[in-house]
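Participant: Pasting a structure here, questions to come.
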């Protein structure tokens, strides 16, 4: 078992990162499953991280309370800005949420209490591996239940054809707001967990690049199910570590993989339909 | 003092406008948010640097070389990546993600080839001299930058407004399908647009590289954010909007750096953008184009 503890002491932050990134990829998958291309989740993650870290550092709140606050604060904000923002659609929504993310980043960069560009230092590492595993499992369980519920089916209908959904009497705006807020909730939780194992947070981690990274993970893995985003998040987190020997060139591999997947696997790496079709074909071959 | 800042703002704003013009051209004609435009901008400035330092090319030749190199990359991206995506009618999110991949690859290649450190044009290759008009000091370099940027933009305006080619491009911007039915070579013009847009981005890269005399693999990121800001402000796909938006952003940036804290200026700018999007999603000049085909 010595190798296991060696492995853990070297790679535990990597495993933590996979868990947090998986939650983030799932948070954008929810909004995508309702047909919304929102790029605000990095900002929501940042708000969760800063709110929770500040409550820990200044008020000394206990960890569970801090987590709850870091989860609810971005969700409340999403509820507030959701109504006006979600009137936009497609590219315009993507741009508006990007602009929102930049506003949040620049505000955090300039406030006294958030430590400005230096960020916050010395956050106690309260997050443990099982916390992340537990919350990731809860998220997945919740989303599986959601997908099979009336609300999940409504999301799908809105994604496929918004006008038809509205004509059938569905509360399209309400469902969109719900998806947007739920995404913010999960992103906030991921941010709060992340802040309490990295020791240090800064505004740089929650900007444009992170927003794009989160989207990339989900799309790379495939957004038609829940396994896809988790797979994409794991791959994009592990890959730079595996490719460390390539030094400055290692990100080029990330970029190339992204392009190849977009070109040749339009539905992402994990597509339940493709896998099912493949299994069916295999079974038929076995019979024959 | 104010007049001096105005001159600086004009220099910066004209380059922003040039950059945003390529960005908005691709969005208008191809309906793709090309997130590799910032990386192509970076490639342009490295190409000019290599031509100047390694091949002792004069600056004007380096400018043309950089245009061809970055334009070539834009063309390659269109032929190899965007064209197959168009052929299978991928939703607009997909080409955008592909261009993220391109941006990552180019930035990483820049870092691999040249390292992460700052490169500079040798001092003797920069145009020296200064023009003093009514107490305002204008560097010859700045005058050159503004002249090149405006000359290229004027050329583009004339082509778009006055020629058969421009009419064809505007027809595609309205509806590629209708343009195709009218006998316009839509695919060819998509390639041409990608080339021209990337070439403009590359020139903007050289001009910024000269203005600040600092070239790094990461230099495409901040300008990409600004480009996004400009096309939101001016209306996505709107050429005139990109020009006015670029100048406005250059002006806002220089003035807020001079008279406010530099960072709060960004917050105001992006806050304003966010509001504009909520009130007028089409930007100040644009119309919302919901293209179905």
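Residue numbers (our numbering), protein chains in the order written: chain A, 121 to 408; chain B, 37 to 329.
Glycine included, every Cβ here is placed at the ideal spot set by N, Cα and C.
Values in this document were obtained by computation on a predicted structure and should not be read as measured data.
State the beta-bridge partners of residue 251 of chain B as determined by DSSP.
Facilitator: For residue 251 of chain B, which the question treats as bridged, DSSP gives the partners B/155.
Participant: Is the beta carbon of residue 347 of chain A closer than 7 Å to that of residue 390 of chain A?
Facilitator: Cβ atoms of residue 390 of chain A and residue 347 of chain A: closer than 7 Å.
Participant: Curious, which full-length beta strand (DSSP E) runs of at least 3 residues does the region 251-285 of chain A contain?
Facilitator: As far as the region 251-285 of chain A is concerned, it has no whole beta strand (DSSP E) run of at least 3 residues.
Participant: Between the alpha carbons of residue 168 of chain A and residue 61 of chain B, how many angstroms are there, rounded?
Facilitator: Roughly 38 Å between the two C-alpha positions.
Participant: In chain order, what residues of the same chain have a beta carbon less than 7 Å from the beta carbon of residue 275 of chain A, not counting five sequence neighbours either side?
Facilitator: Counting only Cβ-Cβ distances below 7 Å, and skipping sequence neighbours, we find 153, 154, 295, 299.
Participant: Along chain A, in chain order, which residues have C-beta atoms closer than 8 Å to that of residue 230 of chain B?
Facilitator: By Cβ distance, chain A contributes nothing, its closest Cβ being about 15 Å from residue 230 of chain B, past 8 Å.
Participant: Pairs of beta-carbons, one from the region 52-71 of chain B and one from the region 224-234 of chain B, closer than 8 Å: are there three or more?
Facilitator: Because the criterion of three Cβ pairs below 8 Å is met, the region 52-71 of chain B and the region 224-234 of chain B touch.
Participant: Quick check on residue 85 of chain B - is its C-beta less than 7 Å from some C-beta in chain A?
Facilitator: So, not an interface residue.
Participant: Got a sec: is the Cβ-Cβ distance from residue 383 of chain A to anything in chain B below 7 Å?
Facilitator: Taking Cβ atoms only, chain B reaches closer than 7 Å to residue 383 of chain A, which makes this a yes.
Participant: To the nearest angstrom, how far is it from the Cα of residue 247 of chain B to the Cα of residue 81 of chain B?
Facilitator: For residue 247 of chain B and residue 81 of chain B, the distance between alpha carbons rounds to 11 Å.
Participant: Apart from the five residues just before and just after residue 244 of chain B, which ones in its own chain have a Cβ nearer than 6 Å to its Cβ?
Facilitator: So the qualifying residues of the chain are 51.
Participant: Among B/43, B/41, B/218, B/56, which residue has its Cα nearest to the Cα of residue 280 of chain B?
Facilitator: The residue with the shortest Cα to Cα distance from residue 280 of chain B is B/56.
Participant: Applying the criterion that 16 or more other CB atoms from any shown protein chain within 10 Å of the CB defines a buried residue, is residue 172 of chain A buried or exposed?
Facilitator: By the neighbour-count rule (16 or more Cβ atoms within 10 Å), residue 172 of chain A is buried.
Participant: Can you name, in chain order, every residue of its own chain whose Cβ lies under 6 Å from the Cβ of residue 237 of chain A, other than the five neighbours on each side?
Facilitator: Around residue 237 of chain A: 229.
Participant: Considering only residues of the same chain and omitting the five flanking positions on each side of residue 283 of chain B, which have a CB-CB separation below 6 Å?
Facilitator: Once the five neighbours on either side are set aside, the close Cβ partners of residue 283 of chain B are 49, 53.
Participant: Evaluate residue 327 of chain B with the Cβ neighbour count: other Cβ atoms within 10 Å of its Cβ, from every protein chain shown; 16 or more gives buried, anything less gives exposed.
Facilitator: Reliability fails at residue 327 of chain B, whose pLDDT of 41 lies under 50, so the model's placement of it is uncertain and the value that follows must be treated cautiously. Classification of residue 327 of chain B: exposed, given that the 10 Å Cβ count is below 16.
Participant: Just verifying my parser: in three-state terms, what is the DSSP assignment at residue 243 of chain A?
Facilitator: Coil at residue 243 of chain A, not helix or strand.
Participant: What distance in whole Å lies between the Cβ atoms of residue 144 of chain B and residue 368 of chain A, which are believed to be in contact at a cut-off of 8 Å?
Facilitator: About 7 Å; that satisfies the 8 Å criterion.
Participant: Under the assumption that residue 251 of chain A contacts residue 313 of chain A (Cβ atoms under 8 Å), give the Cβ distance between them as a whole number of angstroms.
Facilitator: With a Cβ gap of about 6 Å, residue 251 of chain A and residue 313 of chain A count as contacting.
Participant: By Cβ distance below 6 Å, which residues in the same chain neighbour residue 256 of chain B in space, the five residues on each side in sequence not counted?
Facilitator: For residue 256 of chain B, where only same-chain residues beyond five positions count, the Cβ hits under 6 Å are 74, 75, 77, 78.
Participant: Using a 10 Å radius around the Cβ and a threshold of 16 neighbouring Cβ atoms, would you call residue 225 of chain A buried or exposed?
Facilitator: Residue 225 of chain A comes out buried.
Participant: So which residues of chain A does residue 145 of chain B contact, with C-beta pairs closer than 8 Å?
Facilitator: Within 8 Å Cβ-Cβ: 369, 372.
Participant: Tell me whether residue 168 of chain B sits in a helix, a strand or coil according to DSSP, three-state version.
Facilitator: It is a strand residue.
Participant: Alpha carbons only, please: which of A/126, A/145, A/320 is nearest the one belonging to residue 344 of chain A?
Facilitator: Taking only the C-alpha atoms, the option nearest residue 344 of chain A is A/145.
Participant: Pick helix, strand or coil for residue 327 of chain B, following the three-state DSSP scheme.
Facilitator: The predicted position of residue 327 of chain B is uncertain, since its pLDDT is 41 and thus under 50; a value taken from the coordinates is nonetheless stated next. Here residue 327 of chain B sits in coil by DSSP.
Participant: Suppose contacts are defined by Cβ-Cβ distances below 7 Å. Is residue 249 of chain B in contact with residue 310 of chain B by that definition?
Facilitator: Against a cut-off of 7 Å, the Cβ pair of residue 310 of chain B and residue 249 of chain B comes out as no contact.
Participant: Rounded to whole angstroms, what's the CA-CA distance from residue 86 of chain B to residue 177 of chain B? Just pull it up for me.
Facilitator: For residue 86 of chain B and residue 177 of chain B, the distance between alpha carbons rounds to 19 Å.
Participant: Residue 253 of chain A to residue 129 of chain B, Cα distance in whole Å?
Facilitator: Rounded to the nearest angstrom, the two C-alpha atoms are 31 Å apart.
Participant: Buried or exposed for residue 179 of chain A, please, with buried defined as at least 16 other CB atoms from any protein chain shown within 10 angstroms of its CB.
Facilitator: Exposed, because fewer than 16 other Cβ atoms sit within 10 Å of the Cβ of residue 179 of chain A.
Participant: Please state whether DSSP places residue 227 of chain B in a helix, a strand or coil.
Facilitator: In the structure shown, residue 227 of chain B sits in a helix (DSSP, three-state: H, G or I).
Participant: Indicate the three-state DSSP secondary structure (helix, strand or coil) for residue 175 of chain B in the structure shown.
Facilitator: Residue 175 of chain B falls in the strand class under three-state DSSP.
Participant: Using the Cα positions of residue 114 of chain B and residue 138 of chain B, report the straight-line distance between them to the nearest angstrom.
Facilitator: Distance between the alpha carbons of residue 114 of chain B and residue 138 of chain B is about 11 Å.
Participant: Could you tell me the alpha carbon to alpha carbon distance between residue 291 of chain A and residue 263 of chain A, rounded to whole angstroms?
Facilitator: Cα to Cα, the separation comes out at about 20 Å.
Participant: Can you give me the start and stop residues for the alpha helix (DSSP H) that residue 404 of chain A sits inside?
Facilitator: Where residue 404 of chain A is concerned, the enclosing alpha helix (DSSP H) stretches over 392-407.
Participant: Just list the alpha helix (DSSP H) runs in the region 322-386 of chain A, keeping only unbroken ones of 4 residues or longer that don't cross its boundaries, in chain order.
Facilitator: Runs found: 328-341, 347-362, 370-384.
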